[in-house]
Amino acid sequence: MLDKKFDEKKTVNVRTIKGIQVALITEIGELFQELKSKWNYWKNSTGKFNKSKVLEEQMYCIFFILAI
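Listed below in structure tokens is the structure:
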């Protein structure tokens, strides 16, 4: 359903498998950044993670995994 909406949207770039893979890697990176307080052992200044943002990044990851 989202794929169809993205295909209907007029954009400069065409959706490709390589583009989807890059998007997935990017979203995984963003997910890890949101969870920085869980893995960043060398800093004490990382606050608690925002559950809403983490869920959003997880949703994007799942979307791109399913799109491959």
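Under the working numbering, the sequence shown has 492 at position 40, and the numbering climbs by one with no breaks. Where a beta carbon is used, it is the ideal one built from N, C-alpha and C, also for glycine.
Exposed or buried, which one is residue i when buried takes at least 16 other CB atoms within 10 Å?
i      : result
GLU460 : exposed
PHE516 : buried
Under three-state DSSP, which class holds residue i?
i      : result
TYR512 : helix
TRP494 : coil
GLY471 : helix
LEU518 : helix
LEU476 : helix
GLY481 : helix
Any beta-carbon of chain C closer than 8 Å to the one on residue i?
i      : result
PHE515 : No chain C is present in this structure, which holds just one protein chain.
| query | Given 8 Å as the limit, is there contact between the stretch 489-504 and the stretch 466-478, that is, 3 or more CB pairs closer than that? | reply | no
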